[in-house]
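Asker: The sequence shown runs 146 to 221 under my numbering. To start, I am sharing the structure in question, which I have written as C-alpha cells.
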Amino acid sequence: MNNVIFSLLLSVISITFFYLISEKDEENNDNLYQNILYLFGIIFITSFLLKTVGEKGKNLEPPIDNIINHSSRAPF
C-alpha cells in the first residue's frame, strides 16, 4: 500500500475515534477542531515517516540476480 494512502487512512480513523469520544461543548468547538487538526498532522507525519523508514531498509538489500553463477574462465 502506498505510504501516503496508509498514513491518510490511519489519520482519518484516529481522528474519527477521537471526535466520537471527545466532549462536544459548544463553547469549546474551536478548541476541539484545533486539537483535531493538530492530532491529524502529528499522526499523519509520524506514520508516514515511520512507514517510509521501515520500507527503506528493505530496499537496501543487494539483489541476488547480480551474482555470477557461471565460470569466469574465458571461452577459448
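Positions of the beta carbon are idealized from the N, C-alpha and C atoms, including for glycine.
1) Comparing alpha-carbon positions, which option in 169, 187, 175, 180 lies nearest residue 156?
2) Which same chain residues end up closer than 6 Å to residue 139 when comparing Cβ atoms and leaving out the 5 residues on each side of it in sequence?
3) Which of the three DSSP states is assigned to residue 196 in this structure?
4) Given a cut-off of 9 Å on the beta-carbon distance, is the pair residue 182 and residue 164 in contact?
5) In three-state terms, what does DSSP make of residue 170?
Answerer: Taking the definition as stated:
1) 187
2) A question about residue 139 goes unanswered here, because the residues of the chain that appear run from 146 up to 221.
3) helix
4) no
5) coil
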